[in-house]
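Below is one structure, written out as structure tokens; comments come after it.
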Amino acid sequence: MAVQLDARPPVAPAHRTPRPSRVVRLSRFDTRYSPYLYIAPFFLLFGVFGIYPLIYTFWVSLHDWDLLGAEHPFIGFDNYTQLLADPDFWHSVVNTLGIFVISTVPQLLLALWLANLLNRQLRARTTWRMAVLIPNVTSTAAVAIVFAVLFGREFGMINWLLDHVGIAAIDWKANRLAAWTAISTMVDWRWTGYNALIFLAAMQSIPRDLYESASIDGASRSRQFWSITVPLLKPTIVFAVIISTIGGLQLFTEPRLFNSGTNAIRGGPLRESQTVTMYMFENAFAPHYNFGYGSAIAWLLFALIAVVAAINVLLLRRLGGGVKGEN
Amino acid sequence: MATFTRRRLAAVALVATTALLGTAACGGGDDDKSAAGGPVTLTVDVFGQFGYDDLYKEYMASHPNVKIVERGTGSNLDEYSPKLTQWLAAGKGAGDIVAIEEGLLVEYKANPQNFVNLLDHGAADLKGNFLDWKWNQGLTADGKQLIGLGTDVGGMAMCYRKDLFAKAGLPTDRDAVSKLWPTWQDYIKVGEQYKAKNTGTAFLDGATNTFNTILLQAAGNSTGYSYYDTSNNLVVDSNPAVKQAYDTTLDIIDSGLSGKYGSWSEEWVSAFKQSKFATIACPAWMTGVIEGNAGPSAKGKWDIAKIPGNGGNWGGSFLAVPKQGKHQAEAIELAKFLTSAKGQIGAFKAKGPLPSSPQALEDPAIVASTNEYFSGASVGKIFAEGAKSLKPVYMGPKNQAVRTEVENAVRTVELGQRSPEQGWTDAVNNAKKAAAK
Numbered sequence: 284m285a286v287q288l289d290a291r292p293p294v295a296p297a298h299r300t301p302r303p304s305r306v307v308r309l310s311r312f313d314t315r316y317s318p319y320l321y322i323a324p325f326f327l328l329f330g331v332f333g334i335y336p337l338i339y340t341f342w343v344s345l346h347d348w349d350l351l352g353a354e355h356p357f358i359g360f361d362n363y364t365q366l367l368a369d370p371d372f373w374h375s376v377v378n379t380l381g382i383f384v385i386s387t388v389p390q391l392l393l394a395l396w397l398a399n400l401l402n403r404q405l406r407a408r409t410t411w412r413m414a415v416l417i418p419n420v421t422s423t424a425a426v427a428i429v430f431a432v433l434f435g436r437e438f439g440m441i442n443w444l445l446d447h448v449g450i451a452a453i454d455w456k457a458n459r460l461a462a463w464t465a466i467s468t469m470v471d472w473r474w475t476g477y478n479a480l481i482f483l484a485a486m487q488s489i490p491r492d493l494y495e496s497a498s499i500d501g502a503s504r505s506r507q508f509w510s511i512t513v514p515l516l517k518p519t520i521v522f523a524v525i526i527s528t529i530g531g532l533q534l535f536t537e538p539r540l541f542n543s544g545t546n547a548i549r550g551g552p553l554r555e556s557q558t559v560t561m562y563m564f565e566n567a568f569a570p571h572y573n574f575g576y577g578s579a580i581a582w583l584l585f586a587l588i589a590v591v592a593a594i595n596v597l598l599l600r601r602l603g604g605g606v607k608g609e610n
Numbered sequence: 063m064a065t066f067t068r069r070r071l072a073a074v075a076l077v078a079t080t081a082l083l084g085t086a087a088c089g090g091g092d093d094d095k096s097a098a099g100g101p102v103t104l105t106v107d108v109f110g111q112f113g114y115d116d117l118y119k120e121y122m123a124s125h126p127n128v129k130i131v132e133r134g135t136g137s138n139l140d141e142y143s144p145k146l147t148q149w150l151a152a153g154k155g156a157g158d159i160v161a162i163e164e165g166l167l168v169e170y171k172a173n174p175q176n177f178v179n180l181l182d183h184g185a186a187d188l189k190g191n192f193l194d195w196k197w198n199q200g201l202t203a204d205g206k207q208l209i210g211l212g213t214d215v216g217g218m219a220m221c222y223r224k225d226l227f228a229k230a231g232l233p234t235d236r237d238a239v240s241k242l243w244p245t246w247q248d249y250i251k252v253g254e255q256y257k258a259k260n261t262g263t264a265f266l267d268g269a270t271n272t273f274n275t276i277l278l279q280a281a282g283n284s285t286g287y288s289y290y291d292t293s294n295n296l297v298v299d300s301n302p303a304v305k306q307a308y309d310t311t312l313d314i315i316d317s318g319l320s321g322k323y324g325s326w327s328e329e330w331v332s333a334f335k336q337s338k339f340a341t342i343a344c345p346a347w348m349t350g351v352i353e354g355n356a357g358p359s360a361k362g363k364w365d366i367a368k369i370p371g372n373g374g375n376w377g378g379s380f381l382a383v384p385k386q387g388k389h390q391a392e393a394i395e396l397a398k399f400l401t402s403a404k405g406q407i408g409a410f411k412a413k414g415p416l417p418s419s420p421q422a423l424e425d426p427a428i429v430a431s432t433n434e435y436f437s438g439a440s441v442g443k444i445f446a447e448g449a450k451s452l453k454p455v456y457m458g459p460k461n462q463a464v465r466t467e468v469e470n471a472v473r474t475v476e477l478g479q480r481s482p483e484q485g486w487t488d489a490v491n492n493a494k495k496a497a498a499k
């Protein structure tokens with residue numbers, strides 16, 4: 284096995300060139316460094332509004348930091364150990380994951396289906412495509428308030444409808460699963476169209492001839508969808524899942540406004556719909572004003588999002604592999 | 063080639079500088095124009111309804127160099143207090159004068175460095191203008207710093223719907239109604255009579271409102287403190303007043319009298335509009351809330367009777383001057399004006415908060431005042447009578463957080479999620495946990 288590994292051609296002796304002119308030097312400097320300057324604004328802003336708060340939050344989380352207090356003694360990882368043993372925190376994690384699952388799964392499936400429909404030959408296609416985005420343009424606060432009224436225990440329209448078909452009124456705010464469902468409908472209503480448009484954009488880049496030849500081979504529409512569209516959409520689906528994970532685990536406005544009245548930040552008398560961000564707010568601000576503890580929650584939430592996003596991507600890889608294997 | 067390069071370089075430089083300027087601009091401060099005696103703008107941060115609009119106009123007319131801007135009118139305390147705390151913590155953003163509610167004052171008093179010591183600015187002379195206990199509440203534990211000047215107190219009464227009472231065959235005249243319920247047990251009995259008539263409406267709005275009322279009353283009449291004793295030890299489970307209030311509230315729940323509307327929730331507001339309950343415990347400031355929620359169509363259908371039990375105080379606020387303000391001297395003057403007897407009378411006339419000044423409470427303008435919305439009830443007399451004999455309740459450092467836990471425990475029992483015993487265990491355990499945070 285005496286293969287010569289170093290198969291590079293012999294280095295040519297550098298030929299001496301005259302010193303480049305000023306213009307050439309400037310132009311070289313330009314092509315080499317100006318791209319960094321062009322992208323610098325983003326990183327500057329990200330540094331100021333992204334990295335710095337992140338590090339500062341971590342610093343705060345290592346202290347016993349009463350928001351109003353003059354002194355903030357250093358306590359190491361005490362906030363974290365306390366937090367890991369805090370049942371209310373884990374309760375909020377379960378709530379968040381629960382709402383995330385029952386909102387995101389149907390949402391993405393629905394968006395995929397909607398995108399598939401929008402991808403066909405339709406009359407007034409642009410209008411339909413724009414229409415699916417309308418819920419997303421509506422203010423979250425307005426949506427949450429309207430839905431909170433719809434899901435009212437006594438004066439809500441949903442219970443009124445349920446009453447007509449003989450189902451007893453549900454106390455949407457004081458029943459954990461009911462509260463999750465109500466909040467999920469809010470999230471779905473708002474984000475399905477948005478994801479549908481992302482899927483649609485990706486679908487349009489799939490070459491038509493794939494479908495044509497599949498049709499010739501006698502593949503049905505649904506078969507084409509599952510065997511061509513979905514596998515080729517995989518990167519986009521991964522993107523949508525990650526974005527939904529980040530958004531879903533940070534859910535705040537919808538559950539916060541769904542619960543009204545005193546102590547709404549608790550998400551119901553037994554914390555039925557309190558998400559992690561709400562628990563963070565409850566601790567960092569009213570009524571506890573424990574900024575250190577709140578910061579620790581923020582960091583654990585960050586870790587949680589990273590873990591859930593990673594799991595999602597792994598699951599999707601598996602899924603994609605399966606579909607490919609079928610072909 | 064050369065010009066092209068130069069233009070590109072210029073563009074790069076421009077982008078970079080803009081970015082830098084963009085980030086730097088956030089740090090720029092607004093300049094202070096008052097130094098030379100020029101016009102001064104004073105910002106007043108409030109929540110709910112303080113009723114100061116006419117007073118501002120009057121003050122601005124006599125102080126042409128002062129302009130007053132009020133922020134936060136109508137916002138609820140849950141929204142207001144985190145904002146105020148953030149402003150104080152950040153050292154920036156708070157108004158020149160800030161309103162602080164009684165229950166939250168304790169937390170701000172624990173960190174007095176955020177506020178101007180009003181005693182350093184001649185406030186000591188004003189002591190006689192306030193009820194003793196109201197004045198003392200504004201002082202720090204060592205008595206060396208006065209954080210805030212008292213605005214109103216929360217003397218209590220029971221507001222009721224005359225039309226619903228008539229429907230249930232109960233008397234509607236306010237004196238007759240007052241005689242129906244000298245004690246809370248009597249109140250429950252009346253409630254049972256009311257319920258027996260099946261009006262399709264509840265006797266009271268919800269349990270937590272009533273619980274707070276009974277607790278503050280019971281505490282005022284016995285120990286003088288509620289969740290914390292005066293040495294700031296948490297006494298939720300050992301203070302008999304707390305257990306007594308809890309048990310009485312559970313009797314009300316047991317009798318099925320509550321409409322189960324969570325205080326300040328959307329449903330609560332709708333229940334007002336749709337006349338879904340007949341009575342609500344009303345501290346003086348609540349009259350404005352009732353009028354706002356029930357709307358003009360219910361005018362004359364409401365009336366005010368005495369509260370069961372004996373007197374009691376719920377709520378009431380203070381005006382403080384944060385140290386971060388740039389016009390402290392002017393702000394202190396304005397705060398003194400707004401909390402003067404005259405200012406308190408003006409606020410009462412506008413929105414109903416009951417004065418904390420003994421002079422104002424005796425003033426014919428208050429004593430003779432009636433409220434048309436509440437069937438012309440002599441609100442001044444009803445509330446002022448009780449206010450002078452009020453026994454204040456001491457509140458400890460984490461009062462708000464502890465109160466939240468106990469209120470929630472009551473609510474879970476009300477909604478049937480917990481048994482009375484479980485509810486009490488939750489209340490005690492969660493209160494301890496909250497106090498330790």
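Protein chains in written order, with our numbering: chain A, 284 to 610; chain B, 63 to 499.
Idealized CB from N, CA, C, for every residue including glycine.
{"Check": "Answer yes or no: does any C-beta atom of chain A fall closer than 7 Å to that of SER337 of chain B?", "Outcome": "no"}
{"Check": "So, is VAL490 of chain B buried or exposed, given that buried needs 16 or more other C-beta atoms within 10 angstroms?", "Outcome": "buried"}
{"Check": "Using a Cβ cut-off of 7 Å (strictly closer), state whether VAL490 of chain B contacts chain A.", "Outcome": "no"}
{"Check": "Is ASP488 of chain B helix, strand or coil when you go by DSSP?", "Outcome": "helix"}
{"Check": "Determine, for LYS499 of chain B, whether the minimum Cβ-Cβ distance to residues of chain A falls below 7 Å.", "Outcome": "yes"}
{"Check": "Is TRP443 of chain A buried or exposed, if buried means 16 or more other CB atoms sit within 10 Å of its CB?", "Outcome": "exposed"}
{"Check": "Which same chain residues, not among the five before or five after ASP488 of chain B, have their C-beta less than 6 Å away from its C-beta?", "Outcome": "ALA471"}
{"Check": "For my contact list, VAL470 of chain A and LEU534 of chain A are in at a C-beta cut-off of 8 Å; report their separation, rounded to the angstrom.", "Outcome": "7 Å"}
{"Check": "Straight-line CA distance for TYR321 of chain A to ARG308 of chain A?", "Outcome": "19 Å"}
{"Check": "Any idea what DSSP makes of SER96 of chain B, helix, strand or coil?", "Outcome": "Its pLDDT being 43, under 50, SER96 of chain B is placed unreliably in this model, and the value from its coordinates should be taken loosely. DSSP places SER96 of chain B in helix when its eight states are reduced to three."}
{"Check": "Which whole-angstrom value is the C-beta distance of GLY277 of chain B and SER293 of chain B, which I expect to be below 8 Å?", "Outcome": "Position check: residue 277 of chain B holds Leu in this sequence, whereas Gly was assumed. At roughly 20 Å, the Cβ-Cβ gap does not stay under 8 Å, so LEU277 of chain B and SER293 of chain B are not in contact."}
{"Check": "With H, G and I counted as helix, E and B as strand and the rest as coil, what does DSSP make of ILE481 of chain A?", "Outcome": "helix"}
{"Check": "Please list the residues of the region 171-183 of chain B that have a C-beta atom closer than 8 Å to any C-beta atom in chain A, keeping them in chain order.", "Outcome": "ALA172, ASN173, GLN175 and ASN176"}
{"Check": "Return the first residue and the last residue of the beta strand (DSSP E) that ASP107 of chain B is part of.", "Outcome": "102-107"}
{"Check": "For PRO389 of chain A and SER527 of chain A, I'd like the C-alpha separation in whole angstroms.", "Outcome": "12 Å"}
{"Check": "Under DSSP, the alpha helix (DSSP H) around ILE525 of chain A begins and ends at which residues?", "Outcome": "517-532"}
{"Check": "Give me the Cβ distance between ALA422 of chain B and ALA403 of chain B, rounded to the nearest whole Å; I'm assuming they're in contact under 8 Å.", "Outcome": "4 Å"}
{"Check": "For TYR319 of chain A and ARG305 of chain A, what's the separation of their Cα atoms in angstroms?", "Outcome": "21 Å"}
{"Check": "Can you give the beta carbon distance from PHE192 of chain B to GLY216 of chain B, rounded, assuming they're within the 8 Å contact cut?", "Outcome": "Rounded, the Cβ-Cβ distance is 15 Å, inconsistent with contact."}
{"Check": "Along the chain, where does the alpha helix (DSSP H) that runs through GLY212 of chain B open and close?", "Outcome": "Unbroken run through GLY212 of chain B is the beta strand (DSSP E), 210-212; no alpha helix (DSSP H)."}
{"Check": "For a contact meaning CB atoms closer than 8 Å, what does LEU351 of chain A contact in chain B?", "Outcome": "THR147, LEU150, ALA151, GLU169, TYR170, ALA172, ASN173 and ASN176"}
{"Check": "Under 7 Å between C-beta atoms, does GLN484 of chain B make it to chain A?", "Outcome": "no"}
{"Check": "Note the first and the last residue of the continuous alpha helix (DSSP H) segment covering LEU150 of chain B.", "Outcome": "139-152"}
{"Check": "Within a Cβ cutoff of 6 Å, which residues of the same chain sit near GLY374 of chain B, ignoring the five residues on either side of it in sequence?", "Outcome": "MET218, LEU278, GLN279 and GLY282"}
{"Check": "Which chain B residues sit within Cβ distance under 7 Å of LEU553 of chain A?", "Outcome": "THR474 and GLN479"}
{"Check": "Mind pulling the chain A residues with CB within less than 7 Å of PRO144 of chain B?", "Outcome": "PHE568 and ALA569"}
{"Check": "Between the region 217-235 of chain B and the region 328-345 of chain B, do three or more beta carbon pairs fall short of 8 Å?", "Outcome": "yes"}
{"Check": "Drop a sphere of 10 angstroms on the beta-carbon of SER543 of chain A, count the other beta-carbons inside from all chains shown, and report buried for 16 or more, exposed for fewer.", "Outcome": "buried"}
{"Check": "Go through its chain and collect everything with a Cβ distance to SER284 of chain B's Cβ below 6 Å, but skip five positions before and after it.", "Outcome": "ALA303"}
{"Check": "Looking only at C-alpha atoms, which of A:LEU400, A:TYR316, A:ILE580 and A:LEU445 sits nearest to MET563 of chain A?", "Outcome": "A:ILE580"}
{"Check": "Hey, quick one: how far does the beta strand (DSSP E) through TRP364 of chain B stretch, first residue to last?", "Outcome": "364-367"}
{"Check": "Taking CB distances under 7 Å as the criterion, tell me whether ALA87 of chain B reaches chain A.", "Outcome": "Interpretation of ALA87 of chain B is limited by its pLDDT of 41, a score under 50 that renders its predicted location unreliable; the figure taken from the coordinates is listed afterwards. No, no contact with chain A."}
{"Check": "Considering only C-alpha positions, which residue in the set A:PHE541, A:VAL521 and A:ILE588 is nearest to VAL432 of chain A?", "Outcome": "A:PHE541"}
{"Check": "Taking C-beta to C-beta, are SER375 of chain A and GLN557 of chain A nearer than 7 Å?", "Outcome": "yes"}
{"Check": "Report buried or exposed for THR270 of chain B, applying the criterion of at least 16 other Cβ atoms within 10 angstroms of its Cβ.", "Outcome": "buried"}
{"Check": "Here's the rule I'm using: 16 or more other beta-carbon atoms within 10 Å means buried, otherwise exposed. How should SER359 of chain B be labelled?", "Outcome": "exposed"}
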